[in-house]
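In what follows, a single structure is set out as structure tokens and then discussed.
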Amino acid sequence: MMLDVERLDETCIKKLANEEVLAIRVKGFVPQPLAIEIGDKILAPGFEGYINAPSIGRIGMAFYEAENQPLLIEDYFERATSNIAELRSRCAPYSSPVDTLRCMLDESWPAGAHLENLYGRKMYVGLSRVVKPGVCFLAHHDILAKDAPDSFQARSLEAQFACNVYLNMPSEGGALQMWDHDITPDQFDEMRGDSYGIDPALLGPPTLEVRPDPGDFIMFNSRCMHSVTPGVADPRLSLSFFVGYRGNASPLTFWS
């Protein structure tokens, strides 16, 4: 259910879009020593918790956090450009892995790839996400149409992928778990109550479990339920964003 490739290309992206595989992995996308060094540079100035998931740290703001509240949506767009610049600054003098991936997606997909545009404004891309030792990243799915229910642009997506570059990993744990059986958005909302996610044990054994190494890149179907197992001793840091697919003839889009 996971496809290992040497580089991103049109063929593997189509396999993901057609649900022939759950995930694509590029081992050593960033050389491991460099990944760890960039990760340490990103973490050094500190980070905040998600507004609606305070046990998970992040640098930048995810659109998911706005929860369809106009003031938070405005804050997200106001900070988008400065948050992109902040990641580049923390990675310097090295290139941001997110910038490299943005170029690769544009080059590998025939119709190109670009920043997602929502409500006539460019979105942010390149969230740094930190999971502290001992924290379980609860099972959830990511669907842009739930976060922007009044947007035709969001509803027009045929598929949505999560992209993660892993920089720092705990000594044990921190594995990505995925399930391939469908849970409707309404079922999920009923199960999670006021939480951002649900206990992975409620879903039974995962269809796929993979523990990435520092420097690995994984792209997976974000509409499937997924979680992260608790890590030991060290934080788990990844750079993450979403990719939107609207058919083979349309450009890919990306956002966080």
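Numbering (UniProt numbering), first residue to last: 1 to 256. Note that CB positions come from ideal geometry on N, CA and C, so glycine has one too. Computed from a predicted model, the values in this text were never measured in an experiment.
Who are the Cβ neighbours of residue i in its own chain at under 8 Å, not counting the five residues just before and after it?
| i | result |
| --- | --- |
| residue 160 | 142, 143, 144, 221, 222, 223, 242, 243, 244, 245 |
| residue 139 | 177, 179, 197, 198, 199, 200, 202, 203, 225, 226, 227 |
| residue 158 | 17, 245, 246, 247 |
| residue 47 | 57, 58, 59, 128, 130 |
| residue 156 | 246 |
| residue 54 | none |
| residue 147 | 63, 64, 66, 67, 68, 154 |
May I ask which residues mark the beginning and end of the alpha helix (DSSP H) holding residue i?
| i | result |
| --- | --- |
| residue 199 | Neither: residue 199 is in no alpha helix (DSSP H) and is coded neither H nor E. |
| residue 188 | 185–192 |
| residue 152 | 152–155 |
| residue 139 | First-last for residue 139: 137–140, but that is the beta strand (DSSP E), not the alpha helix (DSSP H). |
| residue 108 | 97–108 |
| residue 253 | Premise fails: residue 253 lies in the beta strand (DSSP E), 252–255, not in any alpha helix (DSSP H). |
Excluding the 5 residues flanking residue i on each side, which residues of the same chain have their C-beta closer than 6 Å to its C-beta?
| i | result |
| --- | --- |
| residue 121 | 77 |
| residue 255 | 116, 123, 125, 242 |
| residue 132 | 235 |
| residue 257 | This structure gives no information on residue 257, because the portion of the chain shown stretches from 1 to 256. |
| residue 8 | 104, 108 |
| residue 62 | 127, 256 |
Go ahead and pull the three-state DSSP assignment for residue i.
| i | result |
| --- | --- |
| residue 177 | strand |
| residue 209 | strand |
| residue 27 | coil |
| residue 221 | strand |
| residue 237 | strand |
| residue 83 | helix |
| residue 61 | coil |
| residue 20 | coil |
| residue 245 | strand |
| residue 89 | helix |
| residue 9 | coil |
| residue 67 | coil |
How big is the Cα-Cα spacing for residue i and residue j?
| i | j | result |
| --- | --- | --- |
| residue 14 | residue 27 | 19 Å |
| residue 164 | residue 60 | 15 Å |
| residue 69 | residue 149 | 12 Å |
| residue 168 | residue 30 | 12 Å |
| residue 218 | residue 206 | 17 Å |
| residue 119 | residue 151 | 7 Å |
| residue 89 | residue 210 | 30 Å |
| residue 79 | residue 39 | 22 Å |
| residue 32 | residue 43 | 16 Å |
| residue 212 | residue 75 | 33 Å |
Which residues in the same chain as residue i place their Cβ atom closer than 7 Å to its Cβ, once the five residues preceding and following it in sequence are excluded?
| i | result |
| --- | --- |
| residue 252 | 105, 109, 113, 243, 244, 245 |
| residue 171 | 232, 233, 234 |
| residue 65 | 50, 51, 52, 72 |
Need the endpoints of the beta strand (DSSP E) that residue i sits in, please.
| i | result |
| --- | --- |
| residue 164 | 159–168 |
| residue 47 | Segment: none, residue 47 is in no beta strand (DSSP E) and carries neither H nor E. |
| residue 145 | Counting along the chain, residue 145 falls outside any beta strand (DSSP E), though it belongs to the alpha helix (DSSP H) covering 144–147. |
| residue 127 | 127–131 |
- So, do the region 182–192 and the region 2–10 have three or more beta carbon pairs nearer to each other than 8 Å? no
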